[in-house]
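These notes concern the structure reproduced below.
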Amino acid sequence: MTEIEFIEPFQLSFKKLFDAFERKEIGFISIKTENSKIWLPVKYDEGDQIEDIDFLDLFPEVMLVLYSWGIPALNFIAEVVAYIKKKRGDLKNLKNIDHSICQKCGGMCCKNTGCYFSIRDFDEISFDSLYSLLSKGYTSISPISNVLTGLEDSLLLKIRNINDPIIITQELPPSQCILLGPNGCTLKDKERPYGGSALIPMDNSTCIIGYTLREAVEEWAPYQELLIKLARTFVTKDVQFKGID
Ligand code: SF4
Ligand code: SF4
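Numbering (our numbering), first residue to last: 611 to 855.
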């Protein structure tokens, strides 16, 4: 991209952003600051559609653009960019688990929410196996709107957040993963849900999402009836977390 032309914020959806990228109407640039990396959609003209640009020179203008999008929209844009980058193969040589980086950070991602399970985390996916998992009190079933993925409204399994119920039926504020301990994740690396183990830790909190909601919803599509049945079973139960064993 030669000249940067920012786009006025609009009502975001996965489909709108992804389709505009596929039609080459928009590209994405990253704003790198000392302790974050933020992706913004811009009008596309030529060159790579996804570019890392140091924007410190234009800081006041960039600040205004960031402010006008707002944090939830910026997090969502980063999710769509991660999906596109993964699809292009841009993430395949990056390291997934790096304790030295995460120790310095102190688990910022895990302080916002628990990570999502992939179907690859299970040897068996059945009513009985997931009933047993949910009964342990550290897993939630969470709804994901089609707006976020461009697919159907869906249910996903994730690690429960502190103060969240087992079955999430309304939008809740971010809160810490129930398995985040004083020294980081209380699960061994191999036991972490794929959403946690696929994260790509980077210095200065510029980490990359390795398992996007779009991928999760695609994978869990064949299990939606099972998750609905489990949600109905657990919605009135008060399940306490008593440890991971
Ligand atoms: S993945 Fe990133 S945000 Fe999460 S704990 Fe590691 S460094 Fe921090
Ligand atoms: S399970 Fe572990 S990696 Fe996943 S959010 Fe919780 S603390 Fe983080």
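Yeah, the Cβ is synthetic: ideal placement off N, Cα and C, and Gly gets one too.
Note the first and the last residue of the continuous beta strand (DSSP E) segment covering residue i.
i	result
P784	Here P784 belongs to no beta strand (DSSP E), and DSSP marks it neither H nor E.
K768	764 to 769
S751	The sequence shown places Ile at residue 751, rather than the Ser named in the question. Unbroken beta strand (DSSP E) run through I751: 749 to 754.
Between residue i and residue j, what straight-line distance do the alpha-carbon atoms span, to the nearest angstrom?
i	j	result
A688	D855	35 Å
I776	L823	19 Å
G853	S739	18 Å
L676	T843	42 Å
K634	K696	18 Å
D763	I754	6 Å
I694	Q713	28 Å
T643	C817	13 Å
G806	D733	18 Å
G699	L765	27 Å
G717	K705	17 Å
M673	F631	23 Å
G794	K800	14 Å
Y833	L767	11 Å
L744	R802	16 Å
T796	I681	29 Å
C719	V827	20 Å
D774	E656	46 Å
Can you find the residues in the same chain that come closer than 6 Å, C-beta to C-beta, to residue i, ignoring five residues on each side of it along the sequence?
i	result
V849	G747, I776
N645	N814, S815
L856	In the structure displayed, the chain extends from 611 to 855; residue 856 sits before or after that span and is not available.
D662	S640
I660	F638
L840	L740
K625	G760
V845	I777
A692	I818, I819, T822
P811	D708, I711, C712, C817
F851	G747, Y748, I788
On the DSSP bridge list, what partners appear for residue i?
i	result
T643	S646
K653	I636
G791	G794
F616	V652
Y726	K768
I687	DSSP output for I687 lists no bridge partner at all.
I810	I818
I777	I751
So, for residue i: in the same chain, excluding its five sequence neighbours on each side, which residues have a beta-carbon less than 7 Å away from its beta-carbon?
i	result
K653	E615, I617, I636
E829	S728, I729
G791	none
T723	N771, P784, C787
N756	E762, D763
A808	N706, G820, Y821
Nearer than 7 Å: is that true of the beta carbon of residue i relative to any heavy atom of ligand 4?
i	result
L809	In terms of ligand content, the structure shown lacks ligand 4 and carries ligand 1 and ligand 2 instead.
Leaving out five residues on either side along the sequence, give the residues of the same chain with a beta carbon under 8 Å from the beta carbon of residue i.
i	result
L836	I735, S736, F737, L740
I778	S750, I751, S752, P753
L684	I648, W649, L650, L676
I838	L765
Terminal residues of the continuous alpha helix (DSSP H) containing residue i?
i	result
D662	From DSSP, D662 is part of no alpha helix (DSSP H) but of the beta strand (DSSP E) over 660 to 663.
S678	669 to 679
Q834	834 to 844
Q713	709 to 715
L761	Counting along the chain, L761 falls outside any alpha helix (DSSP H), and DSSP gives it neither H nor E.
N722	718 to 722
E828	823 to 830
L744	737 to 745
S623	Where S623 is concerned, there is no enclosing alpha helix (DSSP H), given that its DSSP letter is neither H nor E.
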